[in-house]
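Residue numbering for the sequence shown follows this note's numbering, beginning at 22 and increasing consecutively.
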Amino acid sequence: VFSESVSVTEGDSVTLNTDLTEIPEHDDILWKYGAEKSLIAEINKASGVFSTSDVPDGRFRDRLKLDNQTGSLTITNITTQHAGEYQLELRGAKLTSKTFNVYVYARLPVPVISRNSSQCSSSSSSSSQQNCSLVCSVVNVGHVTLSWYKGNSLLSSISVSDLSISLSLPLEVEYQEKNSYSCVINNPITNQTTHLDISKLCHTCSDSVHCCGFTETVIRLVLSALVGVASAAVLVYDIRSTRG
Numbered sequence: 022v023f024s025e026s027v028s029v030t031e032g033d034s035v036t037l038n039t040d041l042t043e044i045p046e047h048d049d050i051l052w053k054y055g056a057e058k059s060l061i062a063e064i065n066k067a068s069g070v071f072s073t074s075d076v077p078d079g080r081f082r083d084r085l086k087l088d089n090q091t092g093s094l095t096i097t098n099i100t101t102q103h104a105g106e107y108q109l110e111l112r113g114a115k116l117t118s119k120t121f122n123v124y125v126y127a128r129l130p131v132p133v134i135s136r137n138s139s140q141c142s143s144s145s146s147s148s149s150q151q152n153c154s155l156v157c158s159v160v161n162v163g164h165v166t167l168s169w170y171k172g173n174s175l176l177s178s179i180s181v182s183d184l185s186i187s188l189s190l191p192l193e194v195e196y197q198e199k200n201s202y203s204c205v206i207n208n209p210i211t212n213q214t215t216h217l218d219i220s221k222l223c224h225t226c227s228d229s230v231h232c233c234g235f236t237e238t239v240i241r242l243v244l245s246a247l248v249g250v251a252s253a254a255v256l257v258y259d260i261r262s263t264r265g
């Protein structure tokens with residue numbers, strides 16, 4: 022019995038090949054799925070049989086296609102429900118079989134890089150004044166690795182095998198540094214990358230304080246002016262009342 026592993030991304034199509042160039046005239050080709058070895062496709066060229074069939078739960082409905090030339094089986098719009106073991110049987114002068122182990126991976130989200138917004142307010146240490154604290158996050162992922170890279174060099178990573186969980190990975194960089202950083206999520210067959218723009222995400226705490234201090238000053242001046250106008254109006258009203 023020959024065995025082959027096949028990996029595919031959810032939503033794509035995958036073809037399980039018989040490695041035949043042409044179906045022998047009097048051979049039977051059977052495709053079976055799962056531990057129960059449910060028959061999902063059959064070819065007998067001599068009797069004109071070229072058929073696909075579903076399993077009881079209907080997961081293969083409108084998804085199976087047979088190649089009438091080679092007998093290869095294609096599964097379209099594949100989902101994680103279609104992962105598992107597929108068995109090919111060639112019944113002729115002798116019985117030959119081959120097993121395909123199909124692994125289906127969900128499409129990867131794009132990593133999101135954000136700044137730790139509490140950095141300035143929660144810490145006044147010298148390190149917080151020199152470094153920008155960031156975090157890279159992804160949600161609803163499984164069987165993936167999340168990594169930070171500096172150029173092409175791996176800085177840190179975290180892996181998970183569970184399904185549908187959230188991952189985050191912190192990073193500290195210096196303000197205004199010129200190095201290239203990227204956050205990458207990957208599984209065995211694909212990846213997604215987000216590049217860090219330090220100039221957009223990282224501003225020094227002193228810049229924030231300066232910004233907020235300037236805004237606060239403007240607000241105070243406006244309020245003082247309004248109070249002054251109100252006081253003057255009250256004074257004029259009192260004078261007129263006295264004369265009256």
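Where a beta carbon is used, it is the ideal one built from N, C-alpha and C, also for glycine.
Any non-hydrogen atom of the ligand MN within 7 angstroms of residue i CB
i, result
"G55", "Looking for the ligand MN in the displayed structure turns up nothing, as the structure carries no ligands at all."
Endpoints, the beta strand (DSSP E) within which residue i is located
i, result
"S59", "59-65"
"E31", "Run containing E31: none; DSSP gives neither H nor E here."
"F71", "70-73"
"L190", "186-195"
"T36", "35-37"
"F81", "That residue, F81, is in no beta strand (DSSP E); it is neither H nor E in DSSP."
Chain-order list of residues whose beta-carbon lies under 6 angstroms from that of residue i (same chain, five-residue window excluded)
i, result
"F23", "K119"
"D75", "F81, R82"
"G172", "S201"
"P132", "C157, V159, C204, I206, T215"
"L51", "E63, E110"
Residue i (DSSP reduced to helix, strand or coil)
i, result
"H47", "coil"
"K221", "helix"
"Q90", "coil"
"V216", "For the record, residue 216 in the displayed sequence is His; it is not Val. Three-state result, H216: strand."
"T97", "coil"
"F23", "strand"
Beta-carbon proximity list for residue i, same chain, < 8 angstroms, skipping 5 on both sides
i, result
"V29", "V35, I99, V123, Y124, V125, Y126, I210"
"V70", "E63, I64"
"N38", "T91, S93"
"Q213", "L129, P130, V131, P132, V205, I206, N207"
Buried versus exposed, by CB contacts within 10 Å (16 or more), residue i
i, result
"L184", "exposed"
"S229", "Summary for S229: the model assigns pLDDT 48, below 50, so the residue's position carries little reliability; its value from the coordinates is reported in the next sentence. With fewer than 16 other Cβ atoms within 10 Å, it is exposed."
"P77", "exposed"
"P191", "exposed"
"V205", "buried"
"L222", "exposed"
"L167", "buried"
"L217", "buried"
Sub-8 angstroms separation of residue i and residue j beta-carbons
i, j, result
"S220", "Y170", "no"
"L129", "D48", "no"
"L188", "V181", "yes"
"G163", "I186", "yes"
"V159", "N208", "no"
"Y196", "C157", "no"
Sequence-distant residues of the same chain with beta carbon closer than 7 angstroms to residue i, five excluded per side
i, result
"N89", "F71"
"G105", "Y54, G55, V123"
"S59", "K53, V76"
"Q108", "K53, K58, S118, T120"
"I96", "S34, V35, R84, L85, H103"
"L41", "T91, G92"
"L87", "A62, I64, F71, T73, L94"
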